[in-house]
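Line order of the protein sequences matches chains A and B. Quick note on numbering: our numbering labels position 91 of the first sequence as 91, and the sequence is numbered without any gaps. If you count the second sequence from 1, you need to add 312 to reach our numbering. Notes follow the structure.
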Amino acid sequence: MMSPERTAYRKIKDLSREEFILPGTSTCGGCGGLEALRLATKVIGEKVVYVNAAGCFTLLAIFPFTPFRGSWLYTTMGSAPAGAQGVRDAMDILIAKGELPREEDVQVIVLAGDGATYDIGMSSASGAIQRNLDFWYFCYDNEAYGNTGVQMSSATPFAAETHTSEPGALAPEGTEQKKKDIFEIWRAHGAPYIATVSPRHPVDLARKFEKAKKIKGPKMFVAFSPCPTGWKYDPSKTPEVAKLAVECGILALKEAVNGDVAHTHVPRKRIPVEAYLKTQGRFRHIFEPVRREDAINAIQEQVDKYWMAVNR
Amino acid sequence: MSAARMMTGNMAAAWGARLAEAEYVPAYPITPQTEIIEALSRWFTDGTMRGKFVTMDSEHSMVTAAGAAAAAGARVFTATSSQGLLYAMEVLFTVSGWRVPFVLVNVSRGLASPITLESDHNDVLAARDSGFLQIHCETCQEIVDSVLMAYRIGEDARVLLPVIVNMDGFTLSFTREPVVLPDASAVKEYLPPYRPKHAFIRASHPMAQGIAVLGGFIYSYFRYQQHLAAVNAIAVHEEAAAEFEKLFGRRYGFVEEHRMEDADLVLVMSNAMATRGKAAVNRLREEGMKIGLLRLRVTRPWPGEAVSAALAGRKAVAVLDQNIAPGAGGIFVTEIRSVLYGRKDAPPVLSYIGGLGGKEISAAEFDQVAEDLRRAAAGGEVPPSRLLYTGPEAEKIHALLHIAGKE
Numbered sequence: 001m002m003s004p005e006r007t008a009y010r011k012i013k014d015l016s017r018e019e020f021i022l023p024g025t026s027t028c029g030g031c032g033g034l035e036a037l038r039l040a041t042k043v044i045g046e047k048v049v050y051v052n053a054a055g056c057f058t059l060l061a062i063f064p065f066t067p068f069r070g071s072w073l074y075t076t077m078g079s080a081p082a083g084a085q086g087v088r089d090a091m092d093i094l095i096a097k098g099e100l101p102r103e104e105d106v107q108v109i110v111l112a113g114d115g116a117t118y119d120i121g122m123s124s125a126s127g128a129i130q131r132n133l134d135f136w137y138f139c140y141d142n143e144a145y146g147n148t149g150v151q152m153s154s155a156t157p158f159a160a161e162t163h164t165s166e167p168g169a170l171a172p173e174g175t176e177q178k179k180k181d182i183f184e185i186w187r188a189h190g191a192p193y194i195a196t197v198s199p200r201h202p203v204d205l206a207r208k209f210e211k212a213k214k215i216k217g218p219k220m221f222v223a224f225s226p227c228p229t230g231w232k233y234d235p236s237k238t239p240e241v242a243k244l245a246v247e248c249g250i251l252a253l254k255e256a257v258n259g260d261v262a263h264t265h266v267p268r269k270r271i272p273v274e275a276y277l278k279t280q281g282r283f284r285h286i287f288e289p290v291r292r293e294d295a296i297n298a299i300q301e302q303v304d305k306y307w308m309a310v311n312r
Numbered sequence: 313m314s315a316a317r318m319m320t321g322n323m324a325a326a327w328g329a330r331l332a333e334a335e336y337v338p339a340y341p342i343t344p345q346t347e348i349i350e351a352l353s354r355w356f357t358d359g360t361m362r363g364k365f366v367t368m369d370s371e372h373s374m375v376t377a378a379g380a381a382a383a384a385g386a387r388v389f390t391a392t393s394s395q396g397l398l399y400a401m402e403v404l405f406t407v408s409g410w411r412v413p414f415v416l417v418n419v420s421r422g423l424a425s426p427i428t429l430e431s432d433h434n435d436v437l438a439a440r441d442s443g444f445l446q447i448h449c450e451t452c453q454e455i456v457d458s459v460l461m462a463y464r465i466g467e468d469a470r471v472l473l474p475v476i477v478n479m480d481g482f483t484l485s486f487t488r489e490p491v492v493l494p495d496a497s498a499v500k501e502y503l504p505p506y507r508p509k510h511a512f513i514r515a516s517h518p519m520a521q522g523i524a525v526l527g528g529f530i531y532s533y534f535r536y537q538q539h540l541a542a543v544n545a546i547a548v549h550e551e552a553a554a555e556f557e558k559l560f561g562r563r564y565g566f567v568e569e570h571r572m573e574d575a576d577l578v579l580v581m582s583n584a585m586a587t588r589g590k591a592a593v594n595r596l597r598e599e600g601m602k603i604g605l606l607r608l609r610v611t612r613p614w615p616g617e618a619v620s621a622a623l624a625g626r627k628a629v630a631v632l633d634q635n636i637a638p639g640a641g642g643i644f645v646t647e648i649r650s651v652l653y654g655r656k657d658a659p660p661v662l663s664y665i666g667g668l669g670g671k672e673i674s675a676a677e678f679d680q681v682a683e684d685l686r687r688a689a690a691g692g693e694v695p696p697s698r699l700l701y702t703g704p705e706a707e708k709i710h711a712l713l714h715i716a717g718k719e
């Protein structure tokens, strides 16, 4: 449970009505990642530079337009954390030399998808955490390479269909391997703040960004990002998909402060994962034409095992 | 003017960064570049240099951090070699497109495979079209001087591009030569602090850098701008060279001419191996041959006019490429032929590959090139691209192949 510390966020109305990402972007309708980022910016504000890795969000800013209040630097797919290092170091150097007034300083935020975060940018992120770089990392995790048309990443969960993990005779589940645990990878690095967030839990999200604001060093947010295009559901259903993910326990809302993990929302009675899986076309092949009990059970067992360890 | 002191090419590069008062050095070690970053690390640690030295996780990250810091408005220096430059290749193109100036010293080393340590220029020439300007050095003195010139040229508002300063691994990087260090206060005059008006990060002035474009006409516009900026560097280099000469007494051109005044035959080379070429030219001159050497120094922007002015009207030219484009031959020879093409006074241009992976070029090999030049000048045939290799070297490799069980 969220510790009883002082917070400005107790209900959704406590979030600022001010917008820091303006409408009119090129993301798909119902993008869960953009909604999570929109909520996050209400806490972080506008004195920021987004250091972007190639992905869906790269197309948020297209010359000569940007929806952001704040600065932007597109880097590469694999080195956004190194870009954050260069920017942070340069700002610190210029401030120390008295050449940049302190009030001109900005927060540095890496904006990267799961492909950049879990796969190609892993070395760059690992280095930045180890160097204790003072930066934010916002990973919009839609569990696949979305911008390239939905291919499997190491964030793609077991039994999800993507265009490079389609169910076939030799691989009936589609994706055969399990999702990489990026939260634990960051925790093993000793990052002082790591959290999972969901756009369907705005108060929980806002409190986490609020708490992280006071922490110097790497601050990681894995934003659960329902993706109508890749997960194959109607764009209007994003809030519902996000809600079910938490209620069935597939998405654990949690944080780690200096390595100590706390779950910020523990579902009192978890609903079966099936209720979540069935909302999405990417899992359809484990329900029809033949119900794949083994695959559904495997997912349920994995979730049960996780929460058993949490509740022990 | 201070007295010369003995130092390696690597130390000369480090001194270039120190005199330029580089504020930020992201680094990643690779042989034979390491001495540069060791020296800089020490100077930041003991307070000699102000700013920050940071060891990154790869050259890909290193060049990203370098470009990002320059995009935030700092003066940046970095260095790599060989595989490292190739590991960063994606980022070289990316940051040059940001139009942020900084200096990257490349210590040339042959590329894998086979993996090796000694020098040739396939690494730096792989970055030929990256948008970085390129200056190739023959001596340790030229390295420190070229680093200073590189900042001056790259930071000029008409250019705003990063610059690679190249030196040969081992033959320069680890070889001590006398170097006169430019006077620090004169360097301050030559290089005022970097205060960019076009690229910076400030809370009160949000800016999108490196932003995506959709549409070939937009993309083309920015790519053309980059090309035109690199072309501007021709004029800017001449100003920078004149000012450098005024302050420090040494003059650098796009190319260097050695005994070219009345030369009928010309050998074209680059980097440290040109010193061997000059020695060969001196020897052949003593034997009565009217031969000279043209050393390529600035290769991006490509100084076509300077190259053709130096070569047109000669009787024969031999380009000795210390690189190889498998299936094509040498890289520089094609650029040299292109600027002579169509001129009535264009000499025949012969092509040689030599010095790969630090292979020595012997007197016998220079003699063979000279003999070919003489024949071509007399109206004889221009042989196809020749791969320099000596009889004793052939014997040695056959002995090794025998041990390896391959013959």
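For glycine and all other residues, C-beta sits at the position ideal for the given N, C-alpha and C. Keep in mind the model is a prediction, meaning the values are calculated, not measured.
CB contact check: residue i to chain B, cutoff 8 Å
i: A:A61; result: yes
i: A:K269; result: no
i: A:G127; result: yes
i: A:G30; result: no
i: A:D304; result: no
i: A:A116; result: no
i: A:L94; result: yes
Sequence-distant residues of the same chain with beta carbon closer than 7 Å to residue i, five excluded per side
i: B:G396; result: Y340, I342, E371
i: A:I95; result: R102, D105
i: A:K232; result: Q280, G281, R282
i: B:L503; result: A332, L460, Y463, R464
Cutoff 8 Å; reference residue i; Cβ partners in own chain excluding five residues on either side
i: A:T66; result: L60, W72
i: A:I44; result: F20, Q107, I109, W136, F209, K213
i: B:I709; result: none
i: B:W410; result: G379, A382, A383, A511, Q521, G522
Of the listed residues the options, nearest to residue i (C-alpha basis)
i: B:V694; options: B:L472, B:A469, B:A682, B:L662; result: B:L662
i: A:N52; options: A:A80, A:A40, A:G98; result: A:A80
i: A:F20; options: A:S198, A:Y118, A:V48, A:E288; result: A:V48
i: A:E240; options: A:A275, A:Y145, A:V257; result: A:A275
i: B:D576; options: B:G589, B:A682, B:I513, B:E705; result: B:A682
i: B:A332; options: B:Y653, B:V388, B:E672; result: B:V388
i: B:S394; options: B:T357, B:F482, B:P615; result: B:F482
i: A:K219; options: A:A40, A:G55, A:H163, A:K179; result: A:A40
i: A:A159; options: A:T229, A:V273, A:M308; result: A:V273
i: B:A498; options: B:W410, B:N478, B:F560; result: B:F560
i: B:M323; options: B:A621, B:I348, B:V412, B:A511; result: B:I348
i: A:F224; options: A:Y140, A:D181, A:H285; result: A:Y140
Residue i at chain A interface by Cβ criterion, 8 Å
i: B:V403; result: yes
i: B:M581; result: no
i: B:G600; result: no
i: B:K500; result: no
i: B:D369; result: yes
i: B:S442; result: no
i: B:R514; result: yes
i: B:V366; result: yes
Status (buried if at least 16 other CB within 10 Å, exposed otherwise) for residue i
i: A:K254; result: buried
i: A:T76; result: buried
i: B:R562; result: exposed
i: A:D260; result: exposed
i: B:H570; result: buried
i: A:N311; result: exposed
i: B:K500; result: exposed
i: A:G190; result: exposed
Residues near residue i in its chain [Cβ-Cβ closer than 6 Å; skip 5 each side]
i: A:M1; result: Summary for A:M1: the model assigns pLDDT 46, below 50, so the residue's position carries little reliability; its value from the coordinates is reported in the next sentence. Counting only Cβ-Cβ distances below 6 Å, and skipping sequence neighbours, we find nothing.
i: A:G115; result: Y145, S153
i: B:Y564; result: A553
i: A:Y238; result: The question names Tyr, but residue 238 of chain A is Thr in the sequence shown. Closer than 6 Å at the Cβ level, and outside the excluded window around A:T238, lie G30, G32, P226.
### Query
Between the stretch 319-347 of chain B and chain A, which residues of the former have CB atoms less than 9 Å from a CB of the latter, in chain order?
E335, Y336, P338
### Query
Going along the stretch 131-163 of chain A in order, which residues come within less than 8 Å of chain B, judged by CB to CB distance?
R131
### Query
Taking a cut of 7 Å between CB atoms, which residues from the stretch 402-429 of chain B lie near chain A?
E402, V403, T406
### Query
Which residues, in chain order, does the stretch 368-388 of chain B contribute to contact with chain A at a C-beta distance below 9 Å?
M368, D369, S370, H372, S373, M374, V375, T376, A377, A378, G379, A380, A381, A382, A383, A384, G385, A386, V388
### Task
Give, in chain order, every residue of the stretch 607-637 of chain B whose Cβ lies closer than 9 Å to some Cβ of chain A.
none
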